[in-house]
Every structure is written in C-alpha cells, then in structure tokens.
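**Student:**
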Amino acid sequence: MMNWHSPETGYVWDYDYSKFRRCDFTKSDLVLTEEACTTVYEDAKANSEKLYNDNKIYGTYLLKADGQGNLYYEFTVNDCSLVTIDANSGSIIKAHYWNGDYTYDK
Numbered sequence: 003m004m005n006w007h008s009p010e011t012g013y014v015w016d017y018d019y020s021k022f023r024r025c026d027f028t029k030s031d032l033v034l035t036e037e038a039c040t041t042v043y044e045d046a047k048a049n050s051e052k053l054y055n056d057n058k059i060y061g062t063y064l065l066k067a068d069g070q071g072n073l074y075y076e077f078t079v080n081d082c083s084l085v086t087i088d089a090n091s092g093s094i095i096k097a098h099y100w101n102g103d104y105t106y107d108k
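Quick note: to get this note's numbering, add 2 to the position in the sequence shown (first position is 1).
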C-alpha cells in the first residue's frame with residue numbers, strides 16, 4: 003500500500019484511491035502510556051470474570067487516530083478483549099470484555 007500527502011488538498015490517498023483527512027497531531031500532550039495501562043488494568047481487574055484466562059491480565063496496545071484527528075490507545079487484553087482509551091484525557095471510550103466462549107442459539 004502506498005500513501006502520500008498532497009499539500010494542495012491536505013488529503014492522503016491510499017491504494018484504492020479513496021481519501022481521508024490527514025491528521026496533524028503531536029504526541030507531547032498525550033496521557034502517559036503507563037497511566038493508560040493502569041486504567042486498563044484496573045478496569046480489566048474489575049471485569050475479570052468476563053476475561054478469557056482471567057487468572058492473569060496481559061495485553062498489548064497501539065496508538066491510533068480516527069478520521070477526525072482524535073488519538074486513542076487501543077488495548078488488546080488477554081487476546082480476546084478490547085479497551086479503547088482517549089489518548090488526551092485518559093478516559094475509557096469503550097471496553098468489550100470477552101471470555102472466549104461462543105454461544106449458539108437455534
């Protein structure tokens with residue numbers, strides 16, 4: 003995939019020729035990742051009965067931006083759950099905990 007910025011339009015074009023607004027941002031005003039990790043850990047601990055492998059809490063995160071230029075941390079917790087943290091305020095945007103069980107209703 004190739005991306006580039008056009009100074010005239012301010013858009014980034016990707017491989018399928020769609021366009022989205024370029025996000026100009028700085029990481030200097032963001033919540034420290036340690037604080038975001040603590041927020042996620044405490045929330046995951048409070049929801050541990052909903053977690054896959056709830057006896058140990060672990061995960062990874064990515065810093066992402068949406069089309070409006072909002073930055074957020076996206077945490078994957080215990081392989082199956084997802085918690086999104088606002089990177090500017092440190093508050094939880096959404097949390098989805100999943101214990102790994104599928105159910106099927108006829």
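For every residue, glycine included, the Cβ atom is placed at its ideal position computed from N, Cα and C. Just so it is clear, the structure is predicted and the values come from calculations on it, not from any experiment.
Hey, which unbroken runs of the beta strand (DSSP E) at 3 residues or more fall wholly within the segment 18 to 95?
**Tutor:** 21 to 23, 61 to 67, 73 to 79, 83 to 88
**Student:** Quick check: the Cα distance between residue 49 and residue 30, rounded to an integer number of angstroms?
**Tutor:** 31 Å
**Student:** Which same chain residues, not among the five before or five after residue 66, have their C-beta less than 8 Å away from its C-beta?
**Tutor:** 73, 74, 75, 76
**Student:** Taking the alpha-carbon positions, what's the residue 54 to residue 82 distance?
**Tutor:** 7 Å
**Student:** Could you give the distance in angstroms between the alpha-carbon of residue 126 and the alpha-carbon of residue 104?
**Tutor:** The displayed coordinates of the chain run from 3 to 108. Any statement about residue 126 would go beyond what the structure contains.
**Student:** Under 8 Å by Cβ, that's how I've got residue 95 and residue 45 pegged, so tell me the actual separation to the nearest angstrom.
**Tutor:** So it is not a contact: roughly 12 Å between Cβ atoms.
**Student:** So, for residue 78: in the same chain, excluding its five sequence neighbours on each side, which residues have a beta-carbon less than 8 Å away from its beta-carbon?
**Tutor:** Taken in chain order, the residues that qualify are 61, 62, 63, 84.
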